[in-house]
Structure formats: C-alpha cells, structure tokens
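Taking my numbering, the leading residue of the sequence shown gets 369, the next gets one more, and so forth.
C-beta: ideal position from N, C-alpha, C; glycine also.
For reference, the structure discussed in these notes is given below.
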Amino acid sequence: MFLTDLPAQSMARQRVMKETPDKPLVTFVILNWNQAELTAECLESIRRQDYDNYHVLVVDNGSRDRSAEILRQRFPWVELLVIEENVGYGGGNNAGIEHALRTPVDYLFLLNNDTSVAPDMLSILIETAEANPQAGIIGPTMYYFDPPDVIWSGENYVNWGLGEVTRKLMGQSVPQDVLRQANDCKVDHIDTCAALVRREVFESIGVLDPRFFINFEDLDFDLRAKRAGFDVVYVPGAFMWHKVSLAMGLASPATTYYMTRNALLLFWTRAPLLWKPFAVVSIILRTTRTMLAWSLKPEYRSEIYQRKLRANAFALRDFFLRCFGRMSEDVARVCYPS
C-alpha cells in the first residue's frame, strides 16, 4: 500500500536532529491529493520558518496527477510517503502519524496543504507547549487566506445542547498586533488544518478515528485528548492562513454528506450522557429544516441543491444504519455524478 521512505530524505532528517539537539524535534505531516502546486506553496512557507529543528513528511493520498513525482523533484528535502489509494483525510493523516511516530519525534504538526504559515508560527507554539507540559494540542490563529486579516478559526468551543461548534472569532477582522497581546487560553477544539500535537497524546489515545473519513475527526480527537487529561490550547499570537476547502468544495454535496453524517456520529459518541439526545435532535431538526427549504423554495431548485438535498438524506440514513467511513457507491453517484 505504501511506497518506501527515500534514503536521502532520511539523511536530511538525521542532519536536522544533529544540528539542533537542544530543541524539540517537530515533524510536519501534510496530506496531498491531486494538488501538487497548492502543496508546493505550503512547503515554501514552511521553508521560511525561523524554528530550525523540524522535518516535513508529505503523504500523497492516492493522487493521479503526478503529484508525488512533482513534489519529489522540487523538494528533495521533504520526505514523501505515497499511498496508492485515497484513504480519506483521517486515513491519510494516520498513515503519516504512524510513520512519524516510528522516529524519535517530540511533536507532530498536522497541517493542511491549502495553508501558508507565518515564519515565527512554530517557534511561538513550541514556546507555549514547552512551558505547559499538560498542553497536548496547541493551535494558532487561523486567518482566511483572502481576506488575510479575517479570522477563520481559533478560539473554539463546543455547544453540547445545540450539537455545534462555536467559533468565537470567526469572521472578525482582528489585527495581528492585537492578537499578539492576547493571552493563550484553553479551548475545546483546534482544527487539525494547523495543530501541534505532543507525541504523548498519540501514545495515550491513538490516532484519528477512521470512521469519519473527513470532517469532525479533529474535534473527536480533541475531545478524546481532553478526557485523557491533556489541555487543548489556543495561541492567539501565532498565525497561519487557510485557503478554506479547496479539495472538497465549500458547499459541495460531498461536504454536505460528511458534515451532516459525521456531526451526528461525533455528538452521539462524545456528548455527555445528559446532552446526547439534545445534541442529536438539534442536528436532525436543523438538517430537516434545511432539506425542506431546498425542497420547497424556488431559489433552491437548481441541480446542485437537489444533489445536496439527496446527500443530506443519505447522511441521515447512514447515521441510523451505522454506515461510516468512505461514502458508499450510491452516495458517490449523487455527490460525484459522471
């Protein structure tokens, strides 16, 4: 299933470890799927980091566009792990995580390929992590790539009664100077589009749950970490920028399917016992209301909304039938019509 580690890249890893043995070793794990140029832009931003004890592992998740060949040629200092088929966001990241944990790495940094990171981002996050041994998952302020001063994610909390995540600063234009003066804080959720994770977290709770395939596996991971006694910490003064949802499409039928099904799975699995029925019923009611609007209102009669309507129906079906992981063929025919 996997192609082998490149010897030259293993030597590069050893050189980094020898040059800065006094600093924790960080491995970036970046998933690529048919997006070589996007991944290249992300790697260029990592190259500018002022923290010098890091290694980069790119997991090519079954690409069919020569991504692996392109990235291997352009970035010989990057380790490349090739998966022969697309095993989803969770599965691809898990392959990289498990590969990295076979080395003496101290932290893993899970990073989406549709991102760009500030040169001092990793230094700031490591400083926070090393000062707080209970900090298991540490994340930066995540701005939109465009506009670059508007926050996408950062201070996130779970609303158990409504079955949703509250992104406290989402959509707000907040200057970097202001955020650099803000205090770090404990939160419920750091998106794994940019998350520094202490090695001990994986050793304690395992990897991402493959049932999610894509979407909500990061919140599930955060909640498991918190229950194991680790803190999830947001660091306002560290920055990155996210080109949101370029791989799936922000409002595609596939996104609709996985977001609905996996929200139900997440809250049914992780909500406190007393909140569990409230969370699940809230999600079902919101989904049903949306489906009715897409069915009855003229402005939603387009082909894309009708496919999203059917995708939501399949999501509800599959939650109740306990069908998780990669979408089945009948769902794929709706989400990806030929």
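Proximity of residue i and residue j at Cβ, strictly below 8 Å
i    : j    : result
F581 : G456 : yes
G504 : L547 : no
W636 : G529 : no
A486 : F646 : no
L411 : V427 : no
T407 : L448 : no
E454 : D433 : Note that residue 454 is Asn in the sequence shown, not Glu. Going by C-beta atoms, N454 is not nearer than 8 Å to D433.
G531 : Y602 : no
L641 : F687 : no
R592 : G693 : no
V526 : K554 : no
Where residue i falls: helix, strand or coil (DSSP)
i    : result
V518 : strand
C410 : helix
K611 : coil
C561 : coil
M510 : strand
I505 : strand
I582 : coil
D590 : helix
P705 : coil
K536 : coil
V575 : coil
E498 : helix
S541 : strand
Same chain only: Cβ atoms within 7 Å of residue i, ignoring 5 sequence neighbours per side
i    : result
M711 : Because the chain here runs from 369 to 706, residue 711 falls outside it and cannot be looked at.
R678 : V702
Cβ neighbours of residue i in the same chain (closer than 8 Å, five flanking residues each side left out)
i    : result
P516 : W609
F570 : I465, L469, L476
V699 : Y625, A679, F682, D686
Sequence-distant residues of its chain with Cβ nearer than 6 Å to residue i (five each side left out)
i    : result
N462 : V575, L576
K611 : D482, F513
N583 : Y626, M627, N630
N480 : C561
F443 : L411
F598 : G504, V569
N400 : T407, V426, D428, S435, N481
Residue range of the alpha helix (DSSP H) that includes residue i
i    : result
F646 : 644-664
G729 : Any question about residue 729 goes unanswered here, given that the chain covers just 369 to 706.
T471 : Run containing T471: none; DSSP gives neither H nor E here.
Y422 : Counting along the chain, Y422 falls outside any alpha helix (DSSP H), though it belongs to the beta strand (DSSP E) covering 422-429.
Y475 : Element bounds for Y475: not the alpha helix (DSSP H) but the beta strand (DSSP E), 475-480.
S435 : 435-442
V446 : Counting along the chain, V446 falls outside any alpha helix (DSSP H), and DSSP gives it neither H nor E.
L402 : Reading off the sequence shown, one finds Asn at residue 402, where the question assumed Leu. Segment: none, N402 is in no alpha helix (DSSP H) and carries neither H nor E.
Within-8 Å CB hit, residue i to chain B
i    : result
E571 : This model lacks chain B altogether; it includes just one protein chain.
Buried/exposed call for residue i, threshold 16 Cβ in 10 Å
i    : result
S484 : buried
A638 : Checking the sequence shown, residue 638 turns out to be Arg, not Ala. Counting Cβ neighbours within 10 Å, R638 comes out buried, since at least 16 surround it.
K665 : exposed
S541 : exposed
K619 : According to the sequence displayed, residue 619 carries Ala and not Lys. Exposed, since its Cβ has fewer than 16 Cβ neighbours within 10 Å.
E585 : buried
Residue i: first and last residue of the uninterrupted beta strand (DSSP E) it sits in
i    : result
N527 : 524-527
V485 : 483-485
Any non-hydrogen atom of the ligand HEM closer than 7 Å to residue i Cβ
i    : result
L478 : This structure does not include the ligand HEM; it has no bound ligands of any sort.
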